[in-house]
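Visitor: According to this note's numbering, the sequence shown is numbered sequentially starting from 1.
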Amino acid sequence: ITPPISRVDAKSGQTLRIKLGSSAGLAKDKETLWWLNLLEIPPVEASQKNEGQNILQLAIRSRFKFIYRPSGLGNRDAAAEKLALSANGSSLSISNPTPFYITVSRISRNGGKALNSKTVMFAPQSSQTIALSSAVSKGETLTVNNINDYGADVAVKVTVK
Numbered sequence: 001i002t003p004p005i006s007r008v009d010a011k012s013g014q015t016l017r018i019k020l021g022s023s024a025g026l027a028k029d030k031e032t033l034w035w036l037n038l039l040e041i042p043p044v045e046a047s048q049k050n051e052g053q054n055i056l057q058l059a060i061r062s063r064f065k066f067i068y069r070p071s072g073l074g075n076r077d078a079a080a081e082k083l084a085l086s087a088n089g090s091s092l093s094i095s096n097p098t099p100f101y102i103t104v105s106r107i108s109r110n111g112g113k114a115l116n117s118k119t120v121m122f123a124p125q126s127s128q129t130i131a132l133s134s135a136v137s138k139g140e141t142l143t144v145n146n147i148n149d150y151g152a153d154v155a156v157k158v159t160v161k
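Dropping the structure here:
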């Protein structure tokens, strides 16, 4: 399927070192994002191939985010509170005016049932419109859960404009 970068034998491991060569070509006023995609394909023993046995073989794909944050951007902890929400019936326009990537995992009314069906990542200085399970109105305060730098789900209150 894919040309292997490395082969890992049974009862052994592989170390992958990722280094930032130079930050000269990267944005200095906002974060930069890269994805690392790994596909783990287990081997099939030759004896299993020849015997015509049914085999359940799982290939596992892992995706990792790598975010470069230039010095001087400040603290990301309050970034989700700066999201701008605009009601459009049963959809919600969300603008991220910050220099940080913000991943919104859940939107709800006072921590109740989730109004969104998917986790959405907002790039710095970007906007997206997402579908909601029910309409929200201007002036309503919603609980927005976002994933912080440590992978924790943090809830903040944001008012719809």
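In this text, a Cβ means the ideal position worked out from N, Cα and C, and glycines have one as well. Computed from a predicted structure; not experimentally measured.
Does the beta-carbon of residue 68, which I'm using as the reference point, lie nearer than 7 Å to any heavy atom of the ligand HEM?
Guide: Of the ligands one can find in the structure shown there are none, so the ligand HEM has no counterpart to examine.
Visitor: Assuming residue 116 contacts residue 130 under a Cβ cut-off of 8 Å, what Cβ separation, rounded to an integer in Å, is found between them?
Guide: Reading the sequence shown from its first residue, position 116 is the one you call residue 116. Reading the sequence shown from its first residue, position 130 is the one you call residue 130. Right, their Cβ atoms sit about 6 Å apart.
Visitor: Can you tell me which of 23, 21, 142, 152 puts its alpha carbon nearest to the alpha carbon of residue 87?
Guide: As a first step, residue 87 is located in the sequence shown; it is residue number 87 there, counting from the start. Ranking 23, 21, 142, 152 by Cα distance to residue 87 puts 142 first.
Visitor: Below 8 Å, can you find three or more Cβ-Cβ pairs linking the stretch 70 to 86 to the stretch 24 to 32?
Guide: Result yes; three or more Cβ-Cβ pairs closer than 8 Å.
Visitor: Leaving out the 5 sequence neighbours to the left and right, which residues in its chain are closer than 6 Å to residue 38 when beta-carbon positions are compared?
Guide: Stepping through the sequence shown from its first residue, residue 38 is reached at position 38. If we look at residue 38 and ignore the five residues flanking it on each side, its Cβ neighbours are 62.
Visitor: Would you say residue 97 and residue 82 are within 8 Å of each other, going by their C-beta atoms?
Guide: Numbered from 1 along the sequence shown, position 97 holds the residue referred to as residue 97. Numbered from 1 along the sequence shown, position 82 holds the residue referred to as residue 82. Yes, the pair counts as a contact, with Cβ atoms nearer than the cut-off.
Visitor: Short of 8 Å in beta carbon distance, which residues of its chain neighbour residue 40, apart from the five on each side in sequence? Order them along the chain.
Guide: Along the sequence shown, read from residue 1 onward, the residue named residue 40 stands at position 40. Result list for residue 40: 59, 60, 61, 62, in chain order.
Visitor: Quick one: is residue 10 buried, meaning 16 or more other Cβ sit within 10 Å of its Cβ, or exposed?
Guide: By one-based count along the sequence shown, residue 10 stands at place 10. Classification for residue 10: exposed.
Visitor: Buried or exposed: where does residue 136 fall if 16 or more other Cβ atoms within 10 Å of its Cβ makes it buried?
Guide: For the purposes of this step, residue 136 is taken as the residue at position 136 of the sequence shown. Answer is buried; the Cβ neighbour count reaches 16.
Visitor: Which residues in the same chain as residue 124 place their Cβ atom closer than 8 Å to its Cβ, once the five residues preceding and following it in sequence are excluded?
Guide: Position 124 of the sequence shown, counting from 1, holds the residue named residue 124. 30, 31, 96, 98, 99, 100, 101.
Visitor: So the beta strand (DSSP E) residue 63 belongs to, where does it begin and stop?
Guide: Along the sequence shown, one-based indexing puts residue 63 at 63. It spans 60 to 68 - the beta strand (DSSP E) in which residue 63 sits, taken as one unbroken run.
Visitor: Taking the alpha carbon of residue 126 as the reference point, which residue from 84, 78, 66, 108 has its own alpha carbon closest?
Guide: As a first step, residue 126 must be located in the sequence shown, where it is residue number 126. With distances taken between Cα atoms, residue 126 lies closest to 84.
Visitor: Beta carbon of residue 156, beta carbon of residue 139: below 8 Å?
Guide: Indexing the sequence shown from 1 puts residue 156 at position 156. Indexing the sequence shown from 1 puts residue 139 at position 139. It is not a contact, given that the beta carbons lie outside the stated cut-off.
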